[in-house]
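This report refers to the structure that appears directly beneath it.
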Amino acid sequence: MLCSRCGGGVAESWQRLTTLGGVKVFVQVPCLDEEATLATVLESIPTSVDGVDELHVLVIDDGSSDATAEIARSHGAHVISHARTMGLAQSFRDGVDYALAQGADIVVNTDGDNQYRQERIGDLIAPLLRGEADIAIGDRQTHTIAHFSPFKKTMQRFGSWVVNKAARTRLPDAASGFRAYSRYALYRLNIVTQFSYTMETIIQAGDKRLAIVSIPIDTNAKTRESRLFGSMFEHMAKSAQAILRASIMYRPWGVFATLTAIFGVIGLIPFVRFAILRATGNDGNHLQSLIFGTIMLVGAGLSLALGVLSDLMKTNRILTEQMLERLKERQYGPAPSPATHAWAPRSVAQPHDGVLAEPEPERERASQE
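Position one of the sequence shown corresponds to residue 1 (the UniProt record's numbering), numbered consecutively onward.
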């Protein structure tokens, strides 16, 4: 087990168990046309886990055209159904909102294609139960996966390296979707991407100093091609876009200071060259190189200005996220305090099939206001 980051919000110590009566875990399964494998996935999810008092299964049917939702209901799972395909990130958001409304202490995310071995859920949430982490990510050990081509394995390692640099973490498999999030972590994370939440949440968690651990896992045999992207290159392009956006949002100085330095150095080279040639009496027509250098220096100045503006916007974003955390506390109940590592009682909504429920006491309070 690798500890990627130990910060001020290290997972909620579970002292609240003595007052609230137990830990509630939701295992959410985003699905799109998974009728062929969903039953196998649901049947392999353990019905009980050490240290967990309630374990629920939630299936997010992302506009499936097959019997995915019917299979989920027949296995007793909670079901959220989208009228049309909304994407993995939106499915994750909806699942988290529903689980928090039902009082979930931990949310485990897995896939409906039977890629992951569900019997490892207990190992995945164990660090959260012990108060050692806010997020646990299953390390698929991609170098051992037979159906991954050498190119895909290389890209997986490179992608994880880029994410780790942006997030200042040390995760061997940043793209893994087999994850566990504590309630505290979910209060602090806000997903804005429309593609895949996996990399954005790591960069956010690194910025917010949440503690992340990596748990080595094995995977099942491949059952189908990915539906998240059409090709490896499309996946690379969308992942790069998501990483760049998250990096600019959470570490703007790192991005724009690098651009400023690159443009600045390139822009100075023609002027230094011109000065040296002029000093040695070898001047000639250097207008084109000087124009190029000027353009690069202007680019450096613009990058610096964008860095300043982005840093100011980051301050505004932090204040906005703090307000969102307060709204989540109002809707789902008080969050654990990282300072005292204590839990406060919370309101719990009644289960609804396919409806993102708001706790009843909050509805009453809203109507009174």
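Glycine included, each C-beta is placed from N, C-alpha and C at the ideal position.
As assigned by DSSP and simplified to three states, the class of residue i
i      : result
Ser214 : strand
Val265 : helix
Lys24  : strand
Val52  : coil
Asp94  : helix
Ala342 : With a pLDDT of 36 at Ala342, under the threshold of 50, the predicted position of this residue should be treated as unreliable, and no value is reported.
Ser182 : strand
Ile243 : helix
Leu277 : helix
Thr260 : helix
Ala101 : helix
Pro270 : helix
Glu234 : helix
Ala89  : helix
Val192 : coil
His143 : helix
Pro252 : helix
Ser337 : Because the pLDDT at Ser337 is just 49, under 50, the model does not fix this residue reliably, and the value given afterwards should be weighed accordingly. Reduced to three states, the DSSP call for Ser337 is strand.
Ser347 : Note that Ser347 scores a pLDDT of 39, beneath 50, so its modelled location is shaky and nothing firm can be said.
Asn282 : coil
Paired residues, beta bridge with residue i - DSSP
i      : result
Tyr116 : Thr219
Gly138 : Ile215
Asp61  : Cys31 and Ser81
Val107 : Phe26 and Tyr181
Residue range of the unbroken alpha helix (DSSP H) whose run includes residue i
i      : result
Glu321 : Leu287 to Tyr332
Arg157 : Pro150 to Ala167
Ala39  : Leu38 to Ser44
Ile125 : Ile121 to Leu129
Glu70  : Thr68 to Ser74
Distance CB(residue i)-CB(residue j) smaller than 8 Å
i           : j      : result
Ser160      : Pro172 : yes
Ala300      : Phe263 : yes
residue 383 : Cys31  : The shown model of the chain, from 1 to 369, leaves out residue 383, and the question about it has no answer.
Arg188      : Ala104 : no
Phe178      : Gly138 : yes
Ile145      : Thr219 : yes
Ala237      : Met199 : no
residue 374 : Val107 : Since the first residue shown for the chain is 1 and the last is 369, residue 374 is missing from the structure and cannot be characterised.
Ala133      : Val213 : yes
Asp207      : Tyr250 : yes
Val29       : Gly112 : yes
Glu35       : Thr85  : no
Ile202      : Ala174 : yes
Thr260      : Ser289 : no
Leu129      : Ala136 : no
Ala39       : His75  : yes
Gln102      : Phe195 : no
Thr37       : Asn109 : no
Range of the contiguous beta strand (DSSP E) that encloses residue i
i      : result
Ile202 : It is not in any beta strand (DSSP E) - Ile202 instead sits in the alpha helix (DSSP H) that spans Tyr197 to Asp207.
Whole-number beta carbon distance between residue j and residue i, since they are thought to touch under 8 Å
i      : j      : result
Asp61  : Val79  : 6 Å
Gly293 : Ile276 : Incorrect: roughly 13 Å between the Cβ atoms, too far for contact.
Ser247 : Ala166 : 5 Å
Gly122 : Val49  : 4 Å
Ser64  : Asp33  : 5 Å
Lys153 : Thr169 : Not a contact, Cβ separation roughly 20 Å.
Gly267 : Leu309 : Incorrect: roughly 21 Å between the Cβ atoms, too far for contact.
Leu100 : Tyr332 : 4 Å
Ala335 : Glu321 : Actually they do not touch by this definition, with Cβ atoms about 13 Å apart.
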